[in-house]
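From first to last, the protein sequence lines are chains U and F.
Residues 49 to 160 (the numbering used here) are what the first sequence spells out, left to right.
Residues 243 to 354 (the numbering used here) are what the second sequence spells out, left to right.
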Amino acid sequence: QQKVQQSPESLSVPEGGMASLNCTSSDRNFQYFWWYRQHSGEGPKALMSIFSDGDKKEGRFTAHLNKASLHVSLHIRDSQPSDSALYFCAASASSGSWQLIFGSGTQLTVMP
Amino acid sequence: GPKVLQIPSHQIIDMGQMVTLNCDPVSNHLYFYWYKQILGQQMEFLVNFYNGKVMEKSKLFKDQFSVERPDGSYFTLKIQPTALEDSAVYFCASSSGGDTLYFGEGSRLIVV
Numbered sequence: 049q050q051k052v053q054q055s056p057e058s059l060s061v062p063e064g065g066m067a068s069l070n071c072t073s074s075d076r077n078f079q080y081f082w083w084y085r086q087h088s089g090e091g092p093k094a095l096m097s098i099f100s101d102g103d104k105k106e107g108r109f110t111a112h113l114n115k116a117s118l119h120v121s122l123h124i125r126d127s128q129p130s131d132s133a134l135y136f137c138a139a140s141a142s143s144g145s146w147q148l149i150f151g152s153g154t155q156l157t158v159m160p
Numbered sequence: 243g244p245k246v247l248q249i250p251s252h253q254i255i256d257m258g259q260m261v262t263l264n265c266d267p268v269s270n271h272l273y274f275y276w277y278k279q280i281l282g283q284q285m286e287f288l289v290n291f292y293n294g295k296v297m298e299k300s301k302l303f304k305d306q307f308s309v310e311r312p313d314g315s316y317f318t319l320k321i322q323p324t325a326l327e328d329s330a331v332y333f334c335a336s337s338s339g340g341d342t343l344y345f346g347e348g349s350r351l352i353v354v
């Protein structure tokens, strides 16, 4: 079983809509989370990290972590076509991201 | 933002031959990583490297793989000999030891 599971595999939202992505760690040691975004033909780029229970907001992006269930979500408000990309959740056993384990990704398409 | 450069961007190589993938990490970063991605899907951790040593490696980091960073130059991934299943995009990443990995644009390796 993979340590980090993501859902859904793919997601389509209209421009201006809200996109919600989910991620769960199956290993209680891996409880430090990141969200990365990868546009086609590029390397992944970090969007944000979240280590504490609750919400963390950066611009249009809000991450929510529930440490008890090891569930983290990413919500993208006012989605733009440029947000269309592969979104990865990644988890580590420490805040130093020493061995970052990635989920299988959610392909987001924002329709103009 | 900080840039990780990878050379070459693409390489086609005959099975059994040696290949070296080069990475110029972010200046002043001390932690280096290689990840493997097949068909634009999951990012799979291969190895991390610090202070001239491999700190952790995954099962994907076969005996044919090696990494080094001689005298602070490129951080390299060498595969010798290559196999068909080594075809993938290899991403180098670096970090300062903090919470964010910075990835390069990837080296696409095709083994024929």
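Ideal Cβ positions, reconstructed from N, Cα and C, are used throughout, including at glycine.
Query: Where residue 130 of chain U sits in the DSSP three-state scheme; Result: helix
Query: Simplified DSSP assignment, three categories, for residue 266 of chain F; Result: strand
Query: Counterpart residues of residue 110 of chain U in DSSP-defined beta bridges; Result: U:105, U:123
Query: Minimum Cβ-Cβ distance from residue 342 of chain F to chain U less than 7 angstroms; Result: yes
Query: Test item: CB-CB of residue 111 of chain U and residue 98 of chain U under 7 angstroms; Result: yes
Query: Identified DSSP bridge partners for residue 261 of chain F; Result: F:321
Query: Cut-off 7 angstroms between Cβ atoms - residues of its own chain near residue 142 of chain U, not counting five sequence neighbours on either side; Result: 80
Query: Candidates U:103, U:158, U:109, of which the one nearest residue 84 of chain U by Cα; Result: U:109
Query: Within chain U, partners of residue 345 of chain F - CB distance below 9 angstroms; Result: 84, 86, 90, 91, 92, 93, 94
Query: Residue of U:104, U:64, U:89 minimising C-alpha distance to residue 82 of chain U; Result: U:104
Query: Top-ranked residue by Cα proximity to residue 334 of chain F, from F:296, F:254, F:317; Result: F:317
Query: As assigned by DSSP and simplified to three states, the class of residue 326 of chain F; Result: helix
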